[in-house]
Amino acid sequence: DIQMTQSPSSLSASVGDRVTITCRASQSISSYLNWYQQKPGKAPKVLIFGASSLQSGVPSRFSGRGSGTDFTLTISSLQPEDFATYYCQQSYSSPRTFGQGTKVEVK
Amino acid sequence: QVQLVQSGAEVKKPGSSVKVSCKASGGIFRNYAISWLRQAPGQGPEWMGRITPILGAPNYAQKFQGRVTITADKSTSTAYMELSSLRSEDTAVYYCAADSEVPGLRAPNWFGPWGQGTLVTVSS
């Protein structure tokens, strides 16, 4: 199985900050990388698919980059509704696997 | 409206089985596969298996092979996930999700939308 490792596991930030989360795959996954946002008690919601494509309805302050094994999710200007946990997920091979999550908390 | 609605929380004894339902609306059953995932406290989601309702053929993650059964009832647009031989480590929130993967086609795919989740607690 492909292992997905996120860093950091948590971070503290303020509204307006630029935030970057990193995801590393244990082998090359080309651009088959998705990012999800999850709020407490809710199901995950896809933000980015194919490493850099923004899902319909997702604000443009979210962006994704990378290919191969290294990927980033950036929030250009953190908003109050962005405090949540973020997961990366590879869709390159079965079983599709997720990272352990990065919790974005209020500083 | 495209949505998935799951059955309610369950409390089960070790060694027993649980069956969770997922009712789809808005054309999901016609256009997508349905995957089942679970999320233990403080962990990322874990994919368990999927079914393509119009074809009926399920496939399972190796980890759950032999213990999970995924079915779909096209007449009611409802998918089911049954997990047997439950143990305490199976305590988790179980989700169904629309799955855009097309087997054999190398193309971006993702999970979504998701059901609201079903908490399954395994405890003696």
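From first to last, the protein sequence lines are chains A and B.
Take 1 as the starting number for the first sequence in my numbering and just add one per residue.
Take 1 as the starting number for the second sequence in my numbering and just add one per residue.
Every residue gets a Cβ at the ideal spot worked out from N, C-alpha and C, and that includes glycine.
Against chain B, the CB of A/Q100 has a partner CB under 8 Å away; the residue lies at that interface. The Cβ of A/A43 sits closer than 8 Å to at least one Cβ of chain B. For B/S84, the closest alpha carbon among the candidates B/A61, B/Y95, B/S17, B/Q43 is that of B/S17.
Taking the Cα of A/S28 as reference, the smallest distance to any Cα among A/M4, A/Q37, A/F83 is reached at A/M4. In the structure shown, A/F83 falls within a coil segment according to DSSP collapsed to helix, strand and coil. Around the beta carbon of A/G101, 16 or more other beta carbons lie within 10 angstroms, which makes this residue buried. Distance from B/E82 to B/V68 at the Cβ level is roughly 7 Å; contact confirmed, criterion being Cβ atoms closer than 8 Å.
In the DSSP assignment, the residues bridged to B/K12 are B/V122. One alpha carbon belongs to B/G66, the other to A/K45, and they sit about 30 Å apart.
For B/V20, the closest alpha carbon among the candidates B/T52, B/K74, B/G115 is that of B/G115. Residue range 33-38 is occupied by the beta strand (DSSP E) that includes A/N34, with no alpha helix (DSSP H) assigned at that position. Just measuring C-alpha positions, the residue of A/A13, A/S12, A/V15, A/T22 sitting nearest A/Q6 is A/T22. In this structure, the CA atom of A/S63 is about 23 Å from the CA atom of B/A98. Taking a Cβ-Cβ threshold of 9 Å, the residues of chain B close to A/Y87 are G44, P45, in chain order.
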